[in-house]
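Single-structure report; data block below.
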Amino acid sequence: MGSGRMYFARSFFAVVGLLCLGTYVAASPGFGTLRKKTLELNIRQPARVRLANTSIAFRGSASNPEYAHVVASLLATLGTELVANEKTLIEKDKPADATWVLGVMVTGYSMSPPRQHTEGSGNTAMTYTRWNGSLNVAYQVIDHFGRVHDAGNVSSTYDKEFPSSAMGSSGGRATSWIPMLGKKGSSSKERIPSTVEDVKQDLIKDVVVQIAAKLGNTTQAVEVQVATGDTNLDRAAEFMTQHLWSRAVDELEKTPAFPKPDQEAYRQYDLGLAYEAISYSSSSADDQKENIYKAAEYYDKALEMNSKEKYFVATVARTRDALARYKDLEAMAKQDKTMAKTVNAEPERTESLKERTEVPKVTPANDIVPSTGHGHAAKTLTVSDVIEMYNGKVPDDQILEVIQASQVEFDPHDKDTVIAIAKAKLPIRIQNALRAKVGAPLLASPRPQPRAAAAKTTQ
């Protein structure tokens with residue numbers, strides 16, 4: 005009897021202890037384990053190029069004539085994607101009429117005929133069709149000063165197998181879909197190709213999405229964690245799940261700071277998360293920049309207070325990428341204003357400067373294509389002039405300014421011109437600035453090498 009009472013007492017106190025421990029754990033801020041709260045955040049990074057309220061032209065080419073049939077579809081899809089993401093973007097037919105020129109070159113394309121094989125036998129036999137293809141594209145974005153703002157190579161591969169019975173009929177005109185495994189929601193489906201053209205379009209779409217994402221003019225859904233474990237944090241988390249970001253900020257700001265730094269870090273993190281979300285939903289670029297800076301400050305504080313929380317590291321890296329893009333845009337805007345001030349100087353002063361220097365200082369106005377109808381007549385620039393400047397150690401950026409501000413006589417298909425460029429080892433971005441002026445297809449941009457390294461290899 006006594007042992008039974010003792011067992012009951014021990015069990016009672018054990019349960020009470022677990023409840024107290026659970027209450028203590030629940031009251032401790034963090035990401036939790038059993039009741040982890042996550043939500044989907046639509047991230048919209050600042051663009052590497054300023055595509056709002058501006059214009060763009062597209063240029064396409066292929067490194068092999070066999071890839072030429074891909075170029076037209078690629079350009080059409082690219083234009084549709086970028087304009088859909090930025091409603092104020094205007095597409096121009098001629099590069100000379102646009103603020104930006106996006107050049108793409110198809111550097112690789114392969115497509116295998118569909119292959120079929122059968123598994124099983126009799127009534128259980130099932131025929132499958134496998135589709136294989138790949139697409140490689142180089143791209144480059146140039147502004148009206150000839151500066152390269154973004155360049156790279158993107159690729160896409162397609163290697164999938166589907167039941168032949170699921171393929172569309174009627175000559176491939178029917179569209180078939182199957183649920184995608186591992187995707188949330190029953191609405192996530194994947195199209196089953198019926199022809200090689202379907203596969204080609206899927207490859208093009210994937211490449212275009214990659215380019216648009218690199219430019220930053222797209223929205224990407226990312227799953228993020230929300231810190232909870234306190235009454236105020238829990239209430240703020242509920243506001244976040246309803247996308248009531250400002251109310252979440254109000255709740256978190258009136259929450260007293262936690263006494264321990266490693267706990268206070270989670271309140272700072274939630275504030276950063278709320279401001280980051282506000283940034284992505286802001287209607288103006290200034291508001292977006294202001295709020296992402298606030299988010300970065302809170303994230304930095306959280307990481308400083310609790311450096312052991314690995315999730316803070318990934319969050320800080322995400323916002324630092326956005327901050328770096330804003331700094332690049334600010335630097336470009338500052339440089340554009342400087343150039344605009346120089347161009348608006350008095351003509352007399354410009355003439356005296358020209359008389360005192362061997363190379364005239366040309367600085368086109370901001371956000372317009374340089375006009376040749378005003379001011380003194382400019383000398384037509386040839387490839388020999390460009391090579392002379394390059395060999396004379398004139399900085400590349402200054403050469404690009406001269407090209408963009410001058411009338412250019414350049415034939416990229418002339419044999420002597422090609423040989424002269426090769427001998428001078430003229431950088432790709434300078435060649436592309438010349439090509440852009442005359443509306444020629446742009447070259448693929450290889451990995452850049454310093455001049456010193458390039459000169460060393462010729463010795």
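Note that our numbering gives residue 428 to position 424 of the sequence shown, counting from 1, and the numbers run on in steps of one. Quick reminder that beta carbons are idealized off the backbone N, C-alpha and C, glycines included.
Whole alpha helix (DSSP H) elements within the segment 114–149, 4-residue minimum: none
Could you tell me which residues DSSP pairs with MET109 in its beta bridges? SER65, ALA142
Environment of ILE296 [buried if 16+ CB atoms lie within 10 Å]: buried
Hey, how far is the Cα of SER375 from the Cα of ASP101? Model confidence at SER375 stands at a pLDDT of 35, short of 50, so the residue's coordinates are unreliable and nothing is read from them.
Going by DSSP, name the residue or residues bridged to ALA80. Bridge partners of ALA80: none, in fact.
Extent of the continuous beta strand (DSSP E) run through SER160: 152–167
Measure the alpha-carbon distance for ASP371 versus HIS148 and round it to whole angstroms. Confidence in ASP371 is poor, its pLDDT being 34 and thus under 50, which makes the residue's placement unreliable; the coordinate value appears in the next sentence. In a straight line, the C-alpha of ASP371 is about 7 Å away from that of HIS148.
Residue interval of the beta strand (DSSP E) (run including VAL230): 223–230
What is the rounded straight-line gap between the Cα of ALA217 and the Cα of MET109? 18 Å
Check this for me: beta carbons of ILE407 and GLY150, under 8 Å apart or not? yes
Using a Cβ distance threshold of 8 Å, determine whether the segment 391–404 contacts the segment 415–435, with at least three qualifying pairs required. yes
Hey, how far is the Cα of VAL442 from the Cα of LEU79? 19 Å
Which residues mark the beginning and the end of the alpha helix (DSSP H) in which THR235 is found? 235–245
SER59 - DSSP class collapsed to helix/strand/coil: strand
Could you work out which residue in GLU227, MET309, VAL141, ILE208 is closest to THR42 when comparing CA atoms only? GLU227
Measuring alpha carbon to alpha carbon, tell me which residue in ALA155, SER169, GLN214 is nearest THR161. GLN214
Can the beta-carbon of ALA428 be found closer than 8 Å to that of ASN395? yes
Where ARG46 falls: helix, strand or coil (DSSP): According to the sequence as given, residue 46 is Asn; it is not Arg. Of the three classes helix, strand and coil, the one that applies to ASN46 here is strand, per DSSP.
Can you give the beta carbon distance from ARG63 to GLY107, rounded, assuming they're within the 8 Å contact cut? 4 Å
Counting Cβ pairs closer than 8 Å, one from the segment 290–307 and one from the segment 268–281, do we hit at least three? yes
GLN224 versus GLU405, ILE432, LEU45, residue with shortest Cα-Cα distance: LEU45
Would you tell me roughly how many angstroms separate the C-alpha atoms of VAL29 and ASN310, rounded to the nearest one? Bear in mind that the predicted position of VAL29 carries a pLDDT of just 42, short of 50, making it too unreliable to give a figure here.
Applying the 10 Å Cβ sphere with the 16-neighbour rule, what's the burial state of VAL317? exposed
Do you know whose CA, among SER65, SER59, LEU55, lies nearest ASN436's CA? SER65
Starting from GLU95, trace the beta strand (DSSP E) both ways and give me its first and last residue. 94–96
Answer yes or no: do LEU237 and ASP274 have a C-beta to C-beta separation smaller than 8 Å? yes
Going along the chain, which residues of its own chain have a beta-carbon closer than 6 Å to the beta-carbon of THR319, five neighbours each way excluded? TYR303
Quick one, which of SER168, ILE208, GLU123, GLN120 has its alpha-carbon nearest HIS73's? ILE208
Of the residues VAL105, ASP266, GLU334, the one placed nearest LYS312, counting alpha carbons only: ASP266
Coarse secondary structure for VAL467, derived from DSSP in three states: Past the edges of the chain, shown from 5 to 463, lies residue 467, and the structure says nothing about it.
From ASN57 to THR92, what distance separates their C-alpha atoms? 5 Å
Hey, does GLN408 have any beta-carbon neighbour from chain D nearer than 8 Å? Absent from the structure: chain D. Only one protein chain is present.
With a 10 Å radius around its C-beta and 16 neighbouring C-beta atoms as the bar for buried, classify GLU257 as buried or exposed. exposed
Within the continuous alpha helix (DSSP H) that includes GLY276, where are the two ends? 265–284
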